[in-house]
Amino acid sequence: MDTKHIKIEDYNYPLPEERIAKFPISQRDHSKLLIYKKGEISHDVFYHLTDYLPSDALLVFNNTRVIQARMHFRKTTGALIEVFLLEPALPADYEQNFQSKGSCSWYCIIGNLKKWKEGDLQRVFNIHGKEITLTVRRKEMHQTSHKVDFEWNDSNVSFAEIIDAVGELPIPPYLNRNTEESDKVTYQTVYSKIKGSVAAPTAGLHFTQEVLDAIDQKGIIREEITLHVGAGTFKPVKSKEIEGHTMHTEFFSVKKSTIENLIHHHAEAIAVGTTSVRTLESLYFIGCKLASQPDCTAEMLHVDQWEPYDTQYQLSPVDALQHIVDYLERNHLSVLQADTQIIIAPGYEYKIVKKLITNFHQPQSTLLLLVSAFVKGDWRKIYDYALSNDFRFLSYGDSSLLIP
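Counting along the sequence shown from 1, when you hit position 305 you're at 304 in numbering that gives the first Met the number 0, and nothing is skipped either side.
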């Protein structure tokens, strides 16, 4: 299959507005679970998930945490400007940026940009009973975003505290509603830890502590990776063929111990969500790069969009992962930090992910392409079943366990 010439219109399906879940159900793990196993489809409730997983499996979660990335400022003219945080610019490291005192910079999307041609924006608010003045200054363009400088007048206050005080949690645009206080809890996974995403890894929203306990009791091993989900996850494919679509780049990190555990499990894993898929599959290409360039610099640890299709690597997944471990040991590192622009679409051969837990995705989206590649083109059968059996769709909707 010539992946680049896939026509996105072939991945369309009718999604009535009433099938998009605007809010989650009251008990996360009572959502519906579609089970697709080698062409056969059935359904159950999510809290029975472990009935369908082998006891020696390795389950990989994305522990990223959604930040309150949407900030609003009003100009003296009355115009409302939205500053949407995408990724840190200075410091470029997420954790260091959130700990910044007094100033920092981010790459941002600006809403109502035409009304902010010049000058600074300011907002005054209270933290711990002290009045804080936040000043925002727009700098140069960076690809499709703007670099924005933030300054505030209290060197004891961190940027994490700033966005917690004035930021708004960015729920998906297709929910067509304002963020509510309840979203601060329901739009985070129960195991979220590392701040940095502007969208939740939504397959994880179904897990409760009870389900995690059941996973542990069955002897299934849990590992966590971190991939910060960018706003590009909602970017529609506007080109007729996917070759014309530019994938967004996402930062990820994986502990050396997690990679060693993957090797121990013969480089086979069950991914919770498409972000875990993108990370795990990207590891293979990072490992192959390190095999041919052992002295590869940190800046070179990147997977290009079309790399899986343009470059024929011969390494086994286990060997590729071992090259990453060797690299980390040579450089006295306990964590691999890299980024990926990978597009997974029909024609892609999965290297590490053997089972996938995922929600139901938008028509004509790159996430639907990823699912189609995983089930060897059988996606329409799965989606027809979900539509005819009252499954709820998208971020707050139901989920599926896919076993090709």
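Note that CB positions come from ideal geometry on N, CA and C, so glycine has one too. These figures come from a predicted structure and were not determined experimentally.
Taken in chain order, the complete beta strand (DSSP E) segments of 3 or more residues contained in the segment 104-148 are 120-126, 129-141. With 16 or more other Cβ atoms inside 10 Å of its own Cβ, F60 counts as buried. When DSSP reads this structure, S41 sits in a beta bridge with I34. Looking at E160, S144, R122, D92, the one whose alpha-carbon comes closest to that of K100 is E160. Inter-residue distance for R136 and V165 is about 17 Å (C-alpha atoms, whole angstroms).
If you check the CB distance, N111 and L79 come in under 8 Å. By the neighbour-count criterion, in which a residue is buried when 16 or more other Cβ atoms sit within 10 angstroms of its Cβ, R73 is exposed.
Between Q304 and Q336, the CB-CB gap reaches or exceeds 8 Å. For K192, the CB contacts under 7 Å within the same chain, skipping 5 residues up- and downstream, are N62, R64 in chain order.
Each of L14, K183, A268 was checked against the Cα of S54, and the nearest Cα belongs to A268. Look at D338 here: in three-state DSSP terms it is strand. The bridge partners DSSP lists for E209 come to none. Cβ-Cβ distances below 6 Å link G286 to A319, L320, H322, I323 in the same chain, with the five nearest sequence neighbours on each side left out; the list follows chain order. Measuring C-alpha to C-alpha distances from W105 to each of V147, V123, A68 identifies V147 as the nearest. Going by beta carbons, K255 and I66 fall outside the 8 Å limit. If you draw a straight line from the Cα of E328 to the Cα of L300, it is about 16 Å long. Taking a 10 Å sphere around the C-beta of A91, we find fewer than 16 other C-beta atoms and assign the residue as exposed.
When secondary structure is reduced to three states using DSSP, M70 falls in the strand class.
DSSP, reduced to helix, strand and coil, places E8 within a helical segment of the structure shown. Taken through DSSP and simplified to helix, strand or coil, S181 comes out as coil. Between the alpha carbons of E130 and A68 lies a gap of roughly 21 Å. Between L367 and Y10, the CB-CB gap stays under 8 Å. Rounded to whole angstroms, the Cβ separation of T257 and E222 is 5 Å, and the two are in contact under 8 Å.
Per DSSP, the continuous beta strand (DSSP E) segment holding T63 begins and ends at 63-65. S398 has L32, N358 as its beta-bridge partners, per DSSP. DSSP places E16 in the helix class (H, G or I) of the three-state scheme. Just measuring C-alpha positions, the residue of K113, H247, K21, L133 sitting nearest G229 is H247.
Pairing S315 with L33 gives a Cβ-Cβ distance that is not under 8 Å.
Spanning the alpha carbons of E81 and M70 requires a straight line of approximately 6 Å. For S252, the enclosing beta strand (DSSP E) starts and ends at 249-254. In this structure, N125 is the residue among H244, E180, N125, S144 with its C-alpha nearest to the C-alpha of D153. Excluding its 5 nearest sequence neighbours in each direction, S157 has C-beta neighbours in its own chain below 7 Å: F97, Q98, S99, K100, listed in chain order. DSSP places R329 outside any beta strand (DSSP E); the residue lies instead in the alpha helix (DSSP H), whose first and last residues are 316-329. Within the same chain, and ignoring the five residues on either side of T207 in sequence, the residues whose Cβ sits closer than 7 Å to its Cβ are R27, D28, V189. Residues H247 of the same chain have their beta carbon placed closer than 6 Å to that of G231, with the five preceding and five following residues left out of the count.
Between Y186 and I170, the gap from beta carbon to beta carbon is short of 8 Å.
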